[in-house]
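Scroll down for the structure; my scribbles are underneath it.
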Amino acid sequence: MEEENQILSEELVTAKEDESDSEKSDTNTESEIIMLNPTKEYERPFLYAFIPSISRSYKYDISLSGKWMMFFAKNILDEKWKMCCDLYKARKLTGIAQMKVSTSVRSPRTTDHANGVIIFYCGPANDEEAVMAYGKKLLEVVPYTGNRYMYYKSDEQTYEGTRATGQKKNHLYKISVPVVPESWRK
3 MEEENQILSE ELVTAKEDES DSEKSDTNTE SEIIMLNPTK EYERPFLYAF
53 IPSISRSYKY DISLSGKWMM FFAKNILDEK WKMCCDLYKA RKLTGIAQMK
103 VSTSVRSPRT TDHANGVIIF YCGPANDEEA VMAYGKKLLE VVPYTGNRYM
153 YYKSDEQTYE GTRATGQKKN HLYKISVPVV PESWRK
């Protein structure tokens with residue numbers, strides 16, 4: 003349905019997965035914006051939210067990047083993604099340089115295809131105090147209940163693999179979140 007693809011703002015840029023940060027700012031202008039619903043995307047594994055002026059305001063060595071991850075049931079993923087994009091555009095996601103969301107493309111790196119993930123990039127991963135502060139602020143503005151924790155992992159850990167690919171520990175930091183029974187989350 004065409005109404006599901008809505009223009010979000012003149013600043014939000016969505017980009018293909020294989021573009022680097024510098025390519026995003028060079029090949030996309032801040033007026034190229036289409037807010038897509040991740041559950042309706044079947045070609046690209048991720049959709050991105052990237053505003054160059056926000057991303058540039060967080061200066062750290064990109065090799066020390068990492069991300070907070072929030073997992074949501076697919077039936078609410080589109081709604082949560084739009085909410086997070088609106089918060090990002092309004093600069094309410096302190097410390098978050100950019101975001102991405104999984105789509106309906108199946109990934110061999112996941113064990114749970116019933117849920118999707120919104121990834122909030124921030125860092126540097128070796129600055130626990132800053133990263134934890136960003137995570138706590140994120141939980142203040144994005145309602146989230148999960149399986150006990152919201153997890154942060156470094157990009158280095160991502161390159162090493164996931165639980166689905168055999169990694170035992172797949173996070174660097176975690177923050178407790180309210181536990182809600184699965185039956186209540188639907």
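Counting from 1, position 19 in the sequence shown corresponds to residue 21 in this note's numbering; the numbering is continuous, with no gaps.
Just so you know, even glycine gets a beta-carbon here, dropped at the ideal spot from N, CA and C.
Any chain B beta carbon closer than 8 Å to residue 77: As a matter of chain content, chain B is missing from the structure shown, which is built from one protein chain.
DSSP three-state assignment for residue 20, whether helix, strand or coil: Bear in mind that the predicted position of residue 20 carries a pLDDT of just 37, short of 50, making it too unreliable to give a figure here.
Cross-strand partners of residue 193 (DSSP beta bridge): No answer is possible for residue 193: the residues shown for the chain start at 3 and end at 188.
Contacting residues, own chain, Cβ-Cβ under 6 Å from residue 59 (five flanking each side not counted): none
Rounded distance between the beta-carbons of residue 136 and residue 98, thought under 8 Å: 7 Å
Anticipated Cβ contact below 8 Å, residue 100 with residue 48, distance rounded: That pair is no contact at about 11 Å.
Burial state of residue 50 (16 or more Cβ within 10 Å): buried
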